[in-house]
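Chemist: Numbering (our numbering), first residue to last: 6 to 87.
Pasting a structure here, questions to come.
Put into structure tokens, the structure is as follows:
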């Protein structure tokens, strides 16, 4: 509890953020004959620390094993990597 006149000193030791992850392209339309498409993931608004992002494909109108190959794994962004 601070008594009048109140005075406090605050020291911020670390306010860096690990970032936000997303795709640089908003919409991507492909035809089946494209085969494989390298989907980029970018890190912005911070790059603090090592971050591991799990991913997997999810069945929708396309069926795994018929229209696409099910894939899962993880992406690793190292400290300061964007």
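Beta carbons: idealized from backbone N, C-alpha and C, even for Gly.
Just so you know, these numbers come straight off a predicted model, no measurement behind them.
#1: Does the structure place the segment 70–78 close enough to the segment 48–55 that three or more beta carbon pairs sit under 8 Å?
#2: For residue 82, is the classification buried or exposed, using 16 other Cβ atoms within 10 angstroms of its Cβ as the cut-off for buried?
#3: Using the three-state DSSP reduction, which class does residue 15 fall into: helix, strand or coil?
#4: Is the beta carbon of residue 57 sitting closer than 8 Å to the one on residue 79?
Modeler: Walking through what the data contain:
#1: no
#2: buried
#3: coil
#4: yes
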